[in-house]
Structures are given as structure tokens and as C-alpha cells.
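Numbering (full-length UniProt numbering), first residue to last: 1 to 423.
Even glycine gets a Cβ: it sits at the ideal position worked out from N, Cα and C.
Quantities reported herein were computed from a predicted structural model and do not represent experimental measurements.
Remarks on the structure that follows.
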């Protein structure tokens, strides 16, 4: 008797299409900023760049709140009900309502921060201009397109928007005093792509917005709470790194570290993050029909990813000076050292990416949450202590330790719980 294929040709085509679409999206999000990095650093200087990076780190917290884990939970819901228009509209309306409410609350919190805390009050306009990115990100229903496995629409939007953003940087940023235009242009990019993405979702999928009751909103928040806590925990030790460097050092060192982290994020986003996001709705769909088939597919994906990063990360570490020179225009030794440490952290993330994600696929968000909450509880003090003793390099060093710990914890849970045999 012939064994069933791990993934059919049609499914493979869909996954690959979405992988390339997501790769394009991630590339726009990370490569375009790197393209303009040499210009920005030369024109506004590392100090102003560090200040902008610190503001973006703060704004990232609000993005986490407004996302509420919907990038995972809502994607899965849409993938399971996409053939039923009524349910799809209900999920879409519920998620968008919650996101808009959370965005309003986030803006109110930002107003309190810039009014009462001196460090934020000093550059209040910078933070307010940066908040437009939160609004745009809230409006952009990337989770909906992922669930529908129709990523090409948003890729086109982001390519056009990203190119306009990059060109605008070169046109309008001419001296250090123009640094406020950087968050303004970034916010405009998010707002325009968010509005276009929302319009495309309504137009292409004939969505109808359904008004939500208080009970609906409460249920949505309650259902996705564990995933939200996981996402908050993950970002507690990722976003906090730049934020903590900004609090404990100065804008110049914050700039050096932020540059290194952005470069390292490119290695993590392409191809790993892109492919894991592209395959997630498909894996969820397969798991609902055939658990064994989903297990086998996940194992193949993880093994392939591990092999790729075993080869690429050592090479990237070796050629880090060359990478930094291309990205920054100069060989900043501070950036090179931080980048090399962060790339080790990327390696630990890569060899665990599909394995840890599968906990969500098989309906075990509580275990996923437990791992990342524990990492946050240990990681946050570790980040601040490491920066206190080792300056900005402490942030990179703590990243390696935290990601290695998450890998070990994931392997332990997989061995303990017999229903998840993925290694």
C-alpha cells in the first residue's frame, strides 16, 4: 500500500507562493531600512539614529499589544473557516474591533508617558510621530491574508510602499535636524500600506463588517489570552534589548546595537520566519485532517532549516565585517562584535523554529506560553544585568543565553509529552 504524501503538489505550490510572498514582505521590512542605513547614519549620525531606534523600541511594545497574538491565533482561525463566508466575516470583524480598541488604549498610554516622564517628554514629538506605525500596523490585516494563504496581495502593496519610503528618505533627509522626518515617513508607510491592505481584504474577499457586542470582544480577548501572554513574553526579551540599551547607556551605543540587531533580523526573517509563517496555516489545516502527516511534514521542515543554518550562520559570522561595511558604509567594530553574538542567537532560533511553532499547530498554546513566559521571567533581569556589566554587548550576550534556554525547554517538553513526537 502506498504511503500518503507528506504534502500534495497543490499544497506545495500554495506554500511556495506564500513563502515567496512573505519573503518579499519581510525583505521589504528589513532590507529597505538596511539600504538606507549608510545614508541615515552619515546624515543624521549614530546618536540621532540611536534615539530613533529607542523610540521605535517603545512603539514596538504598542504594536505587540495591538497585535494581541492574532498573527498566530487569527491566522489559524481564518485558515480553518475560510470556506465559510459568514464565519470568516465574524472572525475578521471580531479581531479588527479588538485591535482598534487596543490601539486607542495604547495611544492614551503614550500620551501619559510623554506628559509625565522627563525622558519621553524631552522628545515628545518623536514618539507621537512614531505612533502612526501602530495605527497602520493595526489596520493591515496580514493575519487574514496568511489564513487565506493569499499573500501576493500584500506583497505588492509593501513593495510599492517600501520603495516610496526609501526614495523619500533620500529626498527629504538632508541634515541632522531632519531626523524627525524619519519616524514621520515610517508612519506614513505603515498607514498607507495598512489602508490599502484593509481595502484589498474587503474588495477581494467581499467581507462585511459585523458590529461586535461587549460579550464578543470579551470572548475574543479571553480566547487568545494565552497566546498574547506568549507573544508579550517573547517580545519582552526581544524588543526590550534595544529599549534597555537606550535606558542604561547612551544614544550612540543604542545606535550601534540597533544596527547590529537589524542586520541579524534579516538572517532570521529570510528565509526562516517567512517560511514558518507561510507553512503555519497549511500545517494547521493538515493537522485537523491528519495528525501523523502534519508531524512528518514539520519534522522535514525543521531538519531542512537546521541544515541551512548550520552552513549559513558560520559563514555570516566570518564575513560580518564585510556585511557591516555594506550596511553602514563604515566598519564599526562595535557593530561587528554585537552582530556576531546575535547571529549565534539566530542559529538557536532557527534550529527550534518549526518545533516550537508546532505546539500551537497541535493546540497546545499553554505549553508554548509556559516556555516563553519562563524565558521572559528569567530573561528580563538577565538583559538588564548583562547591559549593566557589559554595556550594549550584554544585550547580544543575553540573547544567546535566552534562545539556547528556549531550545532546551522545547526539547524537554517534546520528550515529556508523548503526543508530540517531532524529533
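Hey, could you find the ends of the alpha helix (DSSP H) residue 311 is sitting in? 291-318 is the extent of the alpha helix (DSSP H) around residue 311.
How many angstroms separate the CA atom of residue 93 from the CA atom of residue 243? 33 Å
Can you find at least 3 beta carbon pairs, one from the stretch 157-169 and one from the stretch 206-214, that sit closer than 8 Å? Contact between the stretch 157-169 and the stretch 206-214 is absent, because fewer than three Cβ pairs lie under 8 Å.
Rounded to whole angstroms, what is the Cα-Cα separation between residue 82 and residue 286? Distance between the alpha carbons of residue 82 and residue 286: 14 Å.
Comparing alpha-carbon positions, which option in 123, 89, 134 and 96 lies nearest residue 108? 134
For residue 219, the three-state DSSP class (helix, strand or coil): helix
Between residue 383 and chain D, is there a C-beta pair that is closer than 8 Å? The chain inventory of the structure shown lacks chain D, comprising one protein chain alone.
Enumerate in chain order the residues of its own chain whose CB-to-CB distance from residue 361 is below 6 Å, with the five nearest sequence positions on each side excluded. 283, 284 and 287
Is residue 183 near residue 130, with beta carbons less than 8 Å apart? yes
How would you label residue 104, buried or exposed, when you count the other beta carbons within 10 angstroms and need 16 or more for buried? exposed
Rounded separation between residue 153 and residue 144 - CA only: 11 Å
Are residue 146 and residue 333 touching if we call contact CB-CB under 8 Å? Result no, Cβ atoms of residue 146 and residue 333 do not sit closer than 8 Å.
Residue 301 versus residue 351: straight-line alpha-carbon distance, rounded: 10 Å
Quick check on this structure: which residue in 177, 60 and 124 has the alpha carbon closest to the alpha carbon of residue 48? 177
By how many angstroms is the C-alpha of residue 390 removed from the C-alpha of residue 365? 35 Å
Residues of its chain near residue 86, where Cβ-Cβ distance is below 7 Å and the 5 sequence neighbours each way are ignored: none
For the stretch 310-329 and the stretch 339-357, state whether three or more C-beta atom pairs, one from each stretch, are separated by less than 8 Å. yes
Pairwise C-alpha distance: residue 201 and residue 207: 7 Å
Can we say the stretch 232-249 touches the stretch 308-317, given the rule of at least three CB pairs closer than 8 Å? no
How close, in whole Å, do the beta carbons of residue 231 and residue 123 come, if the pair is a contact with beta carbons under 8 Å? Not a contact, Cβ separation roughly 27 Å.
Measuring CA to CA, which of 100, 111 and 371 is closest to residue 408? Here the closest residue by C-alpha is 371.
According to DSSP, is residue 210 helix, strand or coil? coil
Mind checking whether residue 61 and residue 249 have CB atoms under 8 Å apart? no
Can you name the start and end residues of the alpha helix (DSSP H) that residue 81 belongs to? 70-81
Nearest candidate by alpha-carbon position, reference residue 308, set 374, 73 and 347: 347
Closest residue to residue 400 among 304, 353, 262 and 345 (Cα-Cα distance): 345
Please give me, in chain order, every unbroken run of the alpha helix (DSSP H) with length at least 4 that falls completely inside the stretch 143-197. Taken in chain order, the unbroken stretches of alpha helix (DSSP H) that lie wholly in the stretch 143-197 and span 4 residues or more are 152-172.
Between the Cα of residue 64 and the Cα atoms of 175, 396, 99 and 36, which residue gives the shortest distance? Measuring C-alpha to C-alpha distances from residue 64 to each of 175, 396, 99 and 36 identifies 99 as the nearest.
Give, in chain order, every unbroken run of the alpha helix (DSSP H) that is at least 4 residues long and sits entirely within the stretch 104-150. 118-121, 124-130, 132-139 and 142-148
Just to confirm, are residue 139 and residue 195 a CB contact at a threshold of 8 Å? yes
In angstroms, rounded to a whole number, what distance separates the CA positions of residue 419 and residue 217? Reliability of the predicted coordinates at residue 419 is poor, the pLDDT of 47 falling under 50, and the value obtained from them is presented with this limitation in mind. Their backbone Cα atoms lie some 33 Å apart in a straight line.
What's the C-alpha gap between residue 187 and residue 127? 11 Å
Going by beta-carbon coordinates alone, are residue 51 and residue 169 separated by less than 8 Å? no
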